[in-house]
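Heads up, the thing below is written out as structure tokens.
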Amino acid sequence: MNRYLFTPGPVPRSEKATRAESAPLMSHREPQFYRLLAGIQSKLQALLDTKQPIVLLPSSGTGSLECMAVNLLRPGTKTLSVSCGSFGDRFREIAERTGAAITGVDVPWGEAMTAGILAKALADNPGTEVVLLTHNETSTGVANDLEKVLEPIRAMPNAPLVLVDGVSALGTLHCYPEDWGIDGIGSASQKGLMTPPGLGLVWLSARAWERLDTATTCPSYYWDLKLHKKQLLAKNPQNPYTPPVSLFYVLDDALDDILGTDPDGMASARENWFATRRRFADALCAGFEAMGLDLLVKKSEIRSPGVTAVRLEGADDARKELRAMGVEFAGGQGALKGQIFRTAHYTDMGWPELSLLLGCVWSVTKKGNLASAFEKALAAWKA
Ligand code: PLP
Numbered sequence: 015m016n017r018y019l020f021t022p023g024p025v026p027r028s029e030k031a032t033r034a035e036s037a038p039l040m041s042h043r044e045p046q047f048y049r050l051l052a053g054i055q056s057k058l059q060a061l062l063d064t065k066q067p068i069v070l071l072p073s074s075g076t077g078s079l080e081c082m083a084v085n086l087l088r089p090g091t092k093t094l095s096v097s098c099g100s101f102g103d104r105f106r107e108i109a110e111r112t113g114a115a116i117t118g119v120d121v122p123w124g125e126a127m128t129a130g131i132l133a134k135a136l137a138d139n140p141g142t143e144v145v146l147l148t149h150n151e152t153s154t155g156v157a158n159d160l161e162k163v164l165e166p167i168r169a170m171p172n173a174p175l176v177l178v179d180g181v182s183a184l185g186t187l188h189c190y191p192e193d194w195g196i197d198g199i200g201s202a203s204q205k206g207l208m209t210p211p212g213l214g215l216v217w218l219s220a221r222a223w224e225r226l227d228t229a230t231t232c233p234s235y236y237w238d239l240k241l242h243k244k245q246l247l248a249k250n251p252q253n254p255y256t257p258p259v260s261l262f263y264v265l266d267d268a269l270d271d272i273l274g275t276d277p278d279g280m281a282s283a284r285e286n287w288f289a290t291r292r293r294f295a296d297a298l299c300a301g302f303e304a305m306g307l308d309l310l311v312k313k314s315e316i317r318s319p320g321v322t323a324v325r326l327e328g329a330d331d332a333r334k335e336l337r338a339m340g341v342e343f344a345g346g347q348g349a350l351k352g353q354i355f356r357t358a359h360y361t362d363m364g365w366p367e368l369s370l371l372l373g374c375v376w377s378v379t380k381k382g383n384l385a386s387a388f389e390k391a392l393a394a395w396k397a
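Sequential numbering of the sequence shown, starting at 15, is according to my numbering.
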């Protein structure tokens, strides 16, 4: 029996990715690797519409968030942490370990951050030096519209640095940090970037890199971003320490899926990719709603294009039944444990996956009319 992985990372690996990952290993100190890394750099820069380098770390997403924290926070740094879910809470905990002075603002789970919430928090906390935000909150399936949320920051003369958890956002939804006023993004390979787990990514703005030039030495040697940047910008771009080389092959390939291979067509391929992810999520939500399922995120405009959460009595039992059918979903975290199931759709899915998801969920919930759910989802998918 085939097994279908719909967890919000890791995502299923395509046959193409399997072939890429099993290619013969190369040394990370040979010209072929330098070329590979340089190519990945320019593709990631096209994805984020930036000229700044993107550091690739041997880590998961948590490692990339910790890397930003240990580089940019010091004991006493006045930090505002806005959280709307379990991963926002985790970013706060990571920051607390640095000794930074943290003020937490909590948005109810299932709702999104807004410019109003941020403006009030900044007004209540004058002298804030760093703000921590989440782009796509995977624990609830909320996509925060950071372009709008950051309006108050863009209007400030000496704006605090904005560090973003982009672990499930990169490759899933638009993220243009330089235009939006973001200073740091931590991400990972195993979600929207459709690569197996093991690669963390850190992007910093020019302003954040300058801050590092005057900051006291990073207390972590392995995570010291200045050491990474020096090697990355060298004539032969490379990692300071041995990287997971085979994951680079897959990431390179996955970026081609998102951006296409025509250097002049990358921006439109990227927009098309994001629009298709959005359309998939809308179609899935339309089908679930037609069955009468209770979507955790009520406002359609803040629903994530990459992950959908459904509130269901006996959610964990339903997941067990789904697992027995060969379909793996994720459960709830923290306060939502046992109350929801989550399904991810970061990868290049279409109608076959939509009908499989709807059919399997209907068969364990028996909610609503399957035929009308299919009709609603199909109409939204074709829209
Ligand atoms: N932040 C977000 C938004 C996530 O979705 C995740 C993982 O699901 C993490 C952080 C933690 O990432 P990792 O498990 O790769 O360390």
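Built from N, CA and C at the ideal position, the CB exists for glycine as well. Computed from a predicted structure; not experimentally measured.
query, result
"Status (buried if at least 16 other CB within 10 Å, exposed otherwise) for Gln46", "exposed"
"Heavy atom of the ligand PLP within 8 Å of Val176 beta-carbon", "no"
"Local Cβ density within 10 Å of Pro258, reported as buried at 16 or more and exposed below that", "buried"
"Among Leu261, Leu239, Ala268, the one whose alpha carbon lies nearest that of Pro254", "Leu239"
"For review: beta carbons within less than 5 Å of any heavy atom in the ligand PLP", "Ser74, Gly75, Thr76, Phe101, Thr152, Asp179, Val181, Ser182, Ala202"
"Residue environment, Leu39, which counts as buried when at least 16 other CB atoms sit within 10 Å", "exposed"
"Same chain only: Cβ atoms within 6 Å of Asp63, ignoring 5 sequence neighbours per side", "Tyr190"
"DSSP state of Gly134 mapped onto helix, strand, coil", "The displayed chain sequence assigns Lys, not Gly, to residue 134. Note: Lys134 maps to helix in three-state DSSP."
"C-alpha distance - Pro174 paired with Glu151, whole-angstrom precision", "22 Å"
"Distance, Thr117 Cα to Val96 Cα", "9 Å"
"Cβ-based neighbour list, Thr256, same chain, cut-off 7 Å, excluding 5 preceding and 5 following", "His42"
"Collapsed DSSP secondary structure at Asn85 in the structure displayed", "helix"
"C-alpha gap between Glu35 and Ser260, whole angstroms", "5 Å"
"Contacting residues, own chain, Cβ-Cβ under 8 Å from Val25 (five flanking each side not counted)", "Leu19, Gln204, Lys205, Met208, Ala358, Tyr360, Thr361"
"Touch test, the stretch 322–340 against the stretch 163–170, Cβ-Cβ under 8 Å, three pairs minimum", "no"
"For Val321: DSSP bridge partner residues", "Ala358"
"Cβ-based neighbour list, Arg168, same chain, cut-off 7 Å, excluding 5 preceding and 5 following", "Gly195"
"Minimum C-alpha distance to His149 - residue among Thr142, Glu143, Asp159, Gly141", "Asp159"
"Validate contact between the stretch 74–85 and the stretch 259–278 using beta carbons, cut 8 Å, 3 pairs", "no"
"Residue(s) in a DSSP beta bridge with Ile167", "None, per the DSSP bridge assignment."
"Opposing strand residues paired with Tyr18 [DSSP bridges]", "Val341"
"Beta-carbon contacts of Ser73 that lie in its chain and below 7 Å, excluding the five residues immediately before and after", "Gly214"
"Simplified DSSP assignment, three categories, for Ile196", "coil"
"Simplified DSSP state of Ser153, which is helix, strand or coil", "coil"
"Classification of Lys390 by the beta-carbon crowding that lies within 10 angstroms, buried from 16 upward", "buried"
"At least 3 beta-carbon pairs within less than 8 Å: the stretch 341–350 vs the stretch 299–308", "no"
"Check whether Ala114 and Pro140 have beta carbons under 9 Å apart", "no"
"Pro277, buried or exposed, once every other Cβ within 10 Å from all chains shown has been counted against 16", "exposed"
"Under the three-state DSSP convention, the category Ser182 falls into", "coil"
"Leu147: first and last residue of the uninterrupted beta strand (DSSP E) it sits in", "144–148"
"For Ile108, the first and last residue of its enclosing alpha helix (DSSP H)", "100–110"
"Endpoints, the beta strand (DSSP E) within which Lys92 is located", "92–97"
"Backbone secondary structure at Pro72 - three-state DSSP", "strand"
"Option in Ser318, Tyr263, Ser153, Pro210 with minimal Cα separation from Ala37", "Tyr263"
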